[in-house]
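J.:
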Amino acid sequence: PDYIIGPPIVCENTTETYSTDTIDGYTFNWAVSGGAIVSGQGSTTIDVAWGNVGAGTVAVMGTSSCGCPSTIIDTNITILSAPTVGAGLDFTICEGDSVQIGGAPTGPAGTAFAWVPNINITDSSLGNPFVFPILTQDYIVTVDNGACSANDTTTITVNAQPSADAGADQTICNSGTVTLGGAPTGP
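Below, the structure written as structure tokens:
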């Protein structure tokens, strides 16, 4: 084989695909450090489950149908960590209220934020936006450092506003009394 195609920078605990050129009559023996081959050994394409942060390598050697080995080719891999992420605490609010969500901090400086769903939220690209859901809603934040991403969820429980009913309108005379009362309708 002449080359290895696949990402040279990967995120920890992810699976990536690597391939080499097809040569008729050859089988391929792959070797990986820093991860584990999960499928494809013997073929032109493998899937690698990468482990912890650090360095790794992917190497391949072809063997012809006559048993002649090729030169081993390899490539270095950098294994990066996923960014820390914190969607913040779960909150309970009343219908019509808002609350600021996100951690302290939501993610490291220099990372990008994306909250979903992008409804009833002031700005889904902020680390700590305000939300004003109408019903109970999960908000999921993705923090992306340009190479790796991570997610977290916060739940905003929305309680209905209670309503009050003092009963039917009544007319009274000066210094008179009346008993007010209606059916309770709120939680």
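Just so you know, we're using this note's numbering here: the sequence shown kicks off at 1 and counts up by one. Ideal placement from N, C-alpha and C gives every residue a C-beta, glycine not left out.
#1: Where do the ends of the beta strand (DSSP E) carrying Thr-154 lie?
#2: Using three-state DSSP, classify Pro-69 as helix, strand or coil.
#3: Can you check which of these residues, Ala-164, Ile-4, Gly-176, is closest to Ile-77 by C-alpha distance?
#4: Less than 6 Å between C-beta atoms, sequence neighbours within five positions excluded: which residues of the same chain meet that for Thr-20?
#5: What distance in whole Å lies between the Cβ atoms of Tyr-139 and Ala-87, which are believed to be in contact at a cut-off of 8 Å?
#6: What is the DSSP secondary structure of Phe-91, counted as helix, strand or coil?
#7: Could you tell me if Thr-111 is buried or exposed, where buried requires 16 or more neighbouring beta carbons within 10 angstroms of its beta carbon?
#8: Output the distance between the C-alpha atoms of Ser-70 and Asn-29, rounded to the nearest integer angstrom.
#9: Based on DSSP bridge pairs, tell me the residues matched to Ser-39.
#10: State the start and end residues of the unbroken beta strand (DSSP E) segment that holds Ile-9.
#11: Looking at the structure shown, is Tyr-26 part of a helix, part of a strand, or coil, going by DSSP?
#12: Out of Ser-33, Ser-65, Ser-39, which one is the CA nearest neighbour of Trp-50?
#13: Any idea what DSSP makes of Ser-124, helix, strand or coil?
T.: With the given structure in hand:
#1: Thr-154 -> beta strand (DSSP E) spans 149-159.
#2: Strand.
#3: Nearest of Ala-164, Ile-4, Gly-176 to Ile-77, Cα basis: Ile-4.
#4: Within its own chain, the residues whose Cβ lies closer than 6 Å to the Cβ of Thr-20, once the five positions on either side in sequence are excluded, are Pro-1, Ile-4, Thr-44, Val-60, listed in chain order.
#5: With 8 Å as the limit, Ala-87 and Tyr-139 qualify as a contact, their Cβ atoms being about 7 Å apart.
#6: Reduced to three states, the DSSP call for Phe-91 is strand.
#7: That one is buried.
#8: Whole-angstrom Cα-Cα distance: 10 Å.
#9: Looking at the DSSP assignment, Ser-39 forms a beta bridge with Asp-47.
#10: Where Ile-9 is concerned, the enclosing beta strand (DSSP E) stretches over 9-11.
#11: Tyr-26: coil per DSSP, three-state reduction.
#12: Residue Ser-33 is the option with its Cα nearest to Trp-50.
#13: DSSP, read as helix, strand or coil, puts Ser-124 in coil.
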